[in-house]
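Engineer:
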Amino acid sequence: MVTMKGWILLLLWGAMSVLGQRILKPALSRVQIGQRTFSPLVMLSLESTRSSSRRGDPTFTYVRRTCNITCPMGHVNADCDTCMCEDATLHGKVSLEDGSPAADARVYLQAKKLKLLTMADNRGMFRIPGVCPDGKNTLKIKKAKYAAATVTVPESNRRNLAIQVQLHRSGKPYVFRSPEDKARRVGQSVSLCCDARGSPAPDRYLWYHNGSLLDPSLYKYKNNLILKNLKREQSGEYFCKASSAGGSAKSQVAKLAVIGRQEAACDSQPQSHLIRLPHDCFQKATNSFYYDVGKCPAKTCVGKLDKGLRCKDNISYCCGVSKMETRDISCDGYTLPTKVIVECGCKICTETKIMVRGRATAADNGEPLRFGHIYMGNKRVSMTGYKGTFSIHVPADMERLVLTFVDRLQKFVNTTKVLPFKENGGAVFHEIKLLRKKAPVTLESTETNVISLGEMEEDDPIAELEIPPNAFYRKNGEVYSGKVKASVTFLDPRNISTAPVTQSDLNFVDEEGDVFPLRTYGMFSVDFTDEQGTESLNAEKVKVHLDAAQVKMPEHVQEMKLWSLNPETGLWEEEGDFNLEKSTRRKREERTFLVGNMEIKERRLFNLDVPESRRCYVKVRAYRSERFLPSEQIQGVVISIINMEPEPGFSSNPRAWGRFDSVVTGPNGACVPAFCDEQNPEAYGAYILASMGGEELEAVPSAPKLNPAAIGVPQPYLNKLNYRRTDHEDSNIKKTAFSINMAKPSPNSPEENNGPIYAYENLSECEEAPYSAAHFRFYRIEGDRYDYNTVPFSEDDLMSWTDDYLAWWPKPMEFRACYIKVKINGPQEVNVRSRNMGGTHPRTIGKLYGIRDVRSIRDPQQRDVSAACLEFKCSGMLFDQDRVDRTLVKVIPQGNCRRVSVNSMLHEYLVNHLPMATNNDTSEYTMLAPLDPLGHNYGIYTVTDQDPRIAKEIALGRCFDGTSDGTSRIMKSDVGVGLTFTCSERSATEQSIFQSQRNLGQQSPRDSGRQSPRDSGRPSPGDSGRPSPGDSGRLSPGDSGRPSPGDSGRLSPGDSGRPSPGDSGRLSPGDSGRPSPGDSGRQSPGDSGRQSPRDWGQQSPRDSGQQSILVLPGQSPVYPRPPASRRNNQVRIPMTGQRPTY
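The sequence shown begins at 837 in my numbering and counts up by one.
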């Protein structure tokens, strides 16, 4: 190594002699200028050789004898690894993601070995002389915590060039596309693909089969794995691992099924799926009130393959319905038609849309985030509405939905959430809680500033930020001097109410690419601006002092780290470690602090966390009612868990929460991740709650005593878990959550190895657990409701849709909900039914689509007025999209009711859009449903959405409000009405159908064999249908309650409306079918049956017995009169689906 002065002397000596050249060459390999030493790119290579030029001047062109580099311009340097141009100079600037200068970034020449050329100054600027602009020289720029950037010097004739380079934070790869589940036959081929991105970009992929690494030299894979001539033993689970200099990440697991060449693609035998029958439809063959209509699991199957190997098959095939039969179910005096699946087969998968909806509001007072921006990565994808609502379409290949909510007015902290969704299609509703920004304080940039993190009464702050003098600087790198506005908002885990505000899902990726959870000790958002609040400022050399006394678990002291959130992936990335220091702060006694260093630049959200390895899963299911039937499970319910610190006497703070997580129920419930402890059952606790559509579901009660059969967990494990619903000690508290001890199951205890707690390594066992395995339960209070579809369909599972002409919803990607508002003048609430049949389509005319029943809701402002929002099947194209069907809808209120008015605009519309149904019976109303989406002026409410429940929810909200664009949870009975009926009061001896159902109780398949005496086919008192005057409704002992053979009667909720043999179903004009005066419609005391918006689509218990006549243009209705023996209207009206009263 030589100094500048020595370099000049050596240059002169070397030019004069060969010996000087030998000494000069190694000396010039390192040049010291000031305090820095460099390898100059331009080295004057010298060799004292006589030129062959005419002038005979010596040319100093030392050329290494073994060098074979050819330079298109300039000369080869002394090391023979690049070309040099003495008269060329490269000027460069290096910046970070936010535009601030990358001070001290190192610039290397990428040759055989990296050569350090220079370093960027405080402005991110650098200058390198001698770089040939030949398009071949490559520079590599490095800076700590940032991915190295590579840039090629462009080819140019100019001798002064300028380049700009931006560095991105270094991070682990992020897998954005995992391999898909596929099915193949023996001998076929398959391609599995995996894609990841990151900074730096992944440069290596490894594939695993059933956990074992596949030999890269044998399979020759990169990011796609091709398997040819498949064998059965190649079935199983596959995943990839992407790696870069920043780390590794693993994909989701894909399942490959390989079956024999002649083997059936699907099991042709349907699985069992029970539907509830009316209470007078007891099936002696099965000894229950349920009927098995079958179900085909929508799993991947082998279909027709196209040519070529693709990452995603052009057409996806799933096991589905291949054959259905219509069965007539024998009930008490009538038959109920239903379609039953008799054979499954491999079909094209039902195409669905995946949606996420929700509402973003402040955590403190519910203030909505109005017109906030929603980002998916760096792309803005949507905005919130005036009330904070939003709707996001989830791309089909999306695995992890990460959304960031940004308040344009800067009142709330930018909030990043990882939102679970239904992978099989449909919508999930999420409540997004936002943390309000703390009011800014003014700091002096030239002084040391301390900001407390965490403010709890009678407790110390969890941590403090210490900002040294002159630590603030602008984005251009200049030191900022002046006043600083600082807003530091801290999320304190000692306050349990802040748990739903948690950013992201508190996960990180370890060095092996596995996802691990974090336990938080608090997270904070930092916002520094100049005095005017117009320019954002950075800060360096900031210290975090974490009070070690707040860390109650000794092992966490050593594991504590500082993390920052990656808003694109929603994962937390390590910022730095903490070191133990003893100090006296703010005149307190000497205490121990964990001190970490940080720099506040492009990321402004930080976390004080430790990785936690003691993990388990909790099995939870949600149901439609307290019957807890497998067929009544609900999908799309958001199950949330708040992981609590250990109870008093154990090694942590009992007041704090450590983690918040959410999952969505699928066809087999949900497995919720949680912290657990095997040694101490009470060491960890958790609160678990459930919500759907923004409404909370109820948990099973724990008082006055535990009922293991209802809770779903047997003893003695239930006592060990210490199950408690939130109202266990105070009945005034909400019933929507429960707490448990997270006691990890003991492997030596058989009763603890069947759920509901599963060890972390047994996730697949939890996900595939049968219904009979132990699990916790939530249920939805749906009230007096009974919906019946002739073609079975679950609104929670869109893959259960069947392409049948009688399907209630004709398109699985577009669900159109229609409602009519019915006003009731009368002293009691009334049950109203819509009976929906094919009206004009030749394949469905006269056939039943389904029945919807609902109970009217009392108007709080008017004593004798109520109203109901009644669903009916919309008119429109059927599933084949060939021609429309005008649904024939009959609206029938229960009891002694008389139609008094029809909305004039609705009536005019129906008159002008023939054909038109006649209405000679004033106790009901019949119409051919309109094709157009009419509004509140017609009393009709129509909403189309990709999810049926969302469509119904929006339509009902509008119907309640009586507007076409508003929403309400309070029934407004005087606005937006379509039909008006006046109903008389029922006699005091009568019960409503719903009340009689409550009194009858509910039977499930487990206890249906024990039939109470009053459920023997005889109706309860007052439930006799239409009694004669003075008749109490009680039948004689020998009376079975069945109508006479010719009785047109009324059908049960599932009845197709078919009359008995020989019965035309048409009544004479004089036979109105009105009930006798004894059937006044009075309900028993306490049977208010008030409907809430979530009880939408409830039922009425009666049909009128009349069949409306479809009158075509130019025709007149004809009413043949049936025999007198067939005009007996005495028949019980069966209703089911009601909650029992206790």
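Glycine is no exception: its CB is placed at the ideal position from the N, C-alpha and C atoms. Computed from a predicted model, the values in this text were never measured in an experiment.
Hey, V1549 and A1610: beta-carbon distance below 8 angstroms or not?
Structural biologist: Start at 1 with the first residue of the sequence shown, and residue 1549 comes out as number 713. Start at 1 with the first residue of the sequence shown, and residue 1610 comes out as number 774. Yes, these two residues count as a Cβ contact at 8 angstroms.
Engineer: Looking at the structure shown, is A1545 part of a helix, part of a strand, or coil, going by DSSP?
Structural biologist: The residue given as residue 1545 occupies position 709 in the sequence shown. Helix.
Engineer: Quick check: what's the CA-CA separation for P1537 versus R1561?
Structural biologist: The residue you call residue 1537 lines up with position 701 of the sequence shown. The residue you call residue 1561 lines up with position 725 of the sequence shown. Whole-angstrom Cα-Cα distance: 6 angstroms.
Engineer: Considering only the beta carbon of each residue, do R1719 and H1677 sit closer than 8 angstroms?
Structural biologist: Sequence index remark: in the sequence shown, residue 1719 carries index 883 (1-based). Sequence index remark: in the sequence shown, residue 1677 carries index 841 (1-based). Contact flag set, yes.
Engineer: Where do the N-terminal and C-terminal ends of the beta strand (DSSP E) with Q2057 fall, by residue?
Structural biologist: What the structure shows of the chain is the stretch from 837 to 1978, and residue 2057 is not part of that stretch, so it cannot be assessed.
Engineer: For G1472 versus V1500, is the C-beta spacing smaller than 8 angstroms?
Structural biologist: Within the sequence shown, the letter at position 636 stands for residue 1472. Within the sequence shown, the letter at position 664 stands for residue 1500. Contact flag set, yes.
Engineer: Would DSSP call T1501 helix, strand or coil?
Structural biologist: What you label residue 1501 is simply residue 665 of the sequence shown in a count that begins at 1. Of the three classes helix, strand and coil, the one that applies to T1501 here is coil, per DSSP.
Engineer: For R1512, tell me which candidate among R1005, S1218 and S1449 has the shortest Cα-Cα distance.
Structural biologist: Locating residue 1512 in the sequence shown gives position 676, counting from the first residue. Note on residue identity: the sequence assigns Cys, not Arg, to residue 1512. Nearest option by C-alpha distance: S1449.
Engineer: Excluding the five sequence neighbours on either side, which residues of its own chain have a C-beta within less than 8 angstroms of the C-beta of Y1615, listed in chain order?
Structural biologist: Along the sequence shown, read from residue 1 onward, the residue named residue 1615 stands at position 779. The answer, listed in chain order, is A1458, Y1459, R1460, S1461, E1462, F1464, L1533, E1534 and V1536.
Engineer: What did DSSP end up calling G1034 once you bin it into helix, strand or coil?
Structural biologist: Reading the sequence shown from its first residue, position 198 is the one you call residue 1034. Reduced to three states, the DSSP call for G1034 is coil.
Engineer: Report all residues from its chain with a CB closer than 6 angstroms to the CB of K1008; omit the five preceding and five following residues, and keep chain order.
Structural biologist: If you number the sequence shown from 1, residue 1008 lands on position 172. Result list for K1008: G1082, G1083, A1085 and V1345, in chain order.
Engineer: Got a sec, what are the start and stop residues for the beta strand (DSSP E) H1392 sits in?
Structural biologist: Taking the first residue of the sequence shown as position 1, residue 1392 is located at position 556. Per DSSP, H1392 belongs to no beta strand (DSSP E); it is in the alpha helix (DSSP H), P1390 to E1395.
Engineer: Can you check whether the CB of V1337 is closer than 8 angstroms to the CB of L1327?
Structural biologist: If you number the sequence shown from 1, residue 1327 lands on position 491. If you number the sequence shown from 1, residue 1337 lands on position 501. Against a cut-off of 8 angstroms, the Cβ pair of V1337 and L1327 comes out as a contact.
Engineer: DSSP on I1068, reduced to helix/strand/coil?
Structural biologist: Start at 1 with the first residue of the sequence shown, and residue 1068 comes out as number 232. The question names Ile, but residue 1068 is Arg in the sequence shown. Helix, per DSSP.
Engineer: Cβ atoms of A941 and I977: under 8 angstroms apart, would you say?
Structural biologist: In the sequence shown, residue 977 corresponds to position 141, counting from 1. In the sequence shown, residue 941 corresponds to position 105, counting from 1. Contact: yes.
Engineer: So, helix, strand or coil for I1569, using DSSP?
Structural biologist: Start at 1 with the first residue of the sequence shown, and residue 1569 comes out as number 733. In the structure shown, I1569 sits in coil (DSSP, three-state: anything other than H, G, I, E or B).
Engineer: Check this for me: beta carbons of V1286 and E1302, under 8 angstroms apart or not?
Structural biologist: Mapped onto the sequence shown, residue 1286 falls at position 450. Mapped onto the sequence shown, residue 1302 falls at position 466. Yes, Cβ-Cβ distance for V1286 and E1302 is below 8 angstroms.
Engineer: How is I1617 classed by DSSP in three states: helix, strand or coil?
Structural biologist: As a first step, residue 1617 must be located in the sequence shown, where it is residue number 781. Coil at I1617, not helix or strand.
Engineer: DSSP three-state call for N1732: helix, strand or coil?
Structural biologist: Counting from one through the sequence shown, the residue named residue 1732 turns up at place 896. The answer is coil: DSSP assigns N1732 none of H, G, I, E or B.
Engineer: Whose C-alpha, out of T986, K1067 and N1060, is nearest the C-alpha of A1037?
Structural biologist: Locating residue 1037 in the sequence shown gives position 201, where the first residue counts as 1. A1037 has its Cα closest to that of T986, out of T986, K1067 and N1060.
Engineer: Tell me where the alpha helix (DSSP H) around N1748 begins and ends.
Structural biologist: Stepping through the sequence shown from its first residue, residue 1748 is reached at position 912. Taken as a continuous stretch (DSSP letters only), the alpha helix (DSSP H) holding N1748 covers S1740 to N1748.
Engineer: For M1981, I'd like the list of residues in its chain whose CB is within less than 7 angstroms of its CB, leaving aside the five on either flank, ordered along the chain.
Structural biologist: A question about residue 1981 goes unanswered here, because the residues of the chain that appear run from 837 up to 1978.
Engineer: Three-state secondary structure (DSSP) at E1417?
Structural biologist: What you label residue 1417 is simply residue 581 of the sequence shown in a count that begins at 1. Three-state result, E1417: strand.
Engineer: Any chance the segment 1431–1440 sits against the segment 1572–1589, with 3 or more Cβ pairs inside 8 angstroms?
Structural biologist: Taking 8 angstroms as the limit for Cβ pairs, the verdict is that the segment 1572–1589 does not touch the segment 1431–1440.
Engineer: Three or more beta-carbon pairs under 8 angstroms between the segment 1398–1416 and the segment 1264–1280, yes or no?
Structural biologist: Too few Cβ pairs lie closer than 8 angstroms, so no.
Engineer: Reducing DSSP to helix, strand and coil, say where E1280 ends up.
Structural biologist: Within the sequence shown, the letter at position 444 stands for residue 1280. Strand, per DSSP.
Engineer: Alpha carbon to alpha carbon, how far is I1728 from N1667?
Structural biologist: By 1-based counting over the sequence shown, the position of residue 1728 is 892. By 1-based counting over the sequence shown, the position of residue 1667 is 831. If I take the Cα positions, the gap works out to 9 angstroms.
Engineer: Counting pairs of beta carbons, one from the segment 1300–1315 and one from the segment 1371–1382, are three or more of them closer than 8 angstroms?
Structural biologist: Flag = yes, the segment 1300–1315 and the segment 1371–1382 touch.
Engineer: Nearest-angstrom Cα distance between N973 and D915?
Structural biologist: On the sequence shown, position 137 is the one that residue 973 refers to. On the sequence shown, position 79 is the one that residue 915 refers to. The straight-line gap from Cα to Cα measures roughly 14 angstroms.
Engineer: Let me check understanding here. Comparing Cα to Cα, which of K1377, A1322, K1388 and N1331 lies closest to E1367?
Structural biologist: Counting from one through the sequence shown, the residue named residue 1367 turns up at place 531. Among K1377, A1322, K1388 and N1331, the Cα nearest to that of E1367 belongs to A1322.
Engineer: Could you tell me if D1689 is buried or exposed, where buried requires 16 or more neighbouring beta carbons within 10 angstroms of its beta carbon?
Structural biologist: Your numbering for residue 1689 matches position 853 in the sequence shown. D1689 comes out buried.
Engineer: Report the three-state DSSP secondary structure of P876 (helix, strand or coil).
Structural biologist: For the purposes of this step, residue 876 is taken as residue 40 along the sequence shown, with counting starting at 1. Because the pLDDT at P876 is just 42, under 50, the model does not fix this residue reliably, and the value given afterwards should be weighed accordingly. Residue state, collapsed to three classes: coil.
Engineer: Going by Cα to Cα distance, which pick from A1573, P1540 and K1541 is closest to A1526?
Structural biologist: Working through the sequence shown from its first residue, we reach residue 1526 at position 690. If we check each option's Cα against that of A1526, A1573 comes out closest.
Engineer: Between the segment 1070–1077 and the segment 1086–1097, are three or more C-beta pairs nearer than 8 angstroms?
Structural biologist: Touching, yes.
Engineer: Helix, strand or coil: which one does DSSP assign to Y1596?
Structural biologist: Position 760 of the sequence shown, counted from the first residue, corresponds to residue 1596. Note: Y1596 maps to helix in three-state DSSP.
Engineer: Check the C-beta distance from Y1641 over to F1708 and give it rounded, since I have them as a contact under 8 angstroms.
Structural biologist: To locate residue 1641, count along the sequence shown from 1; it is residue 805. To locate residue 1708, count along the sequence shown from 1; it is residue 872. Not quite, the Cβ-Cβ distance comes to about 18 angstroms (not below 8 angstroms), so this is no contact.
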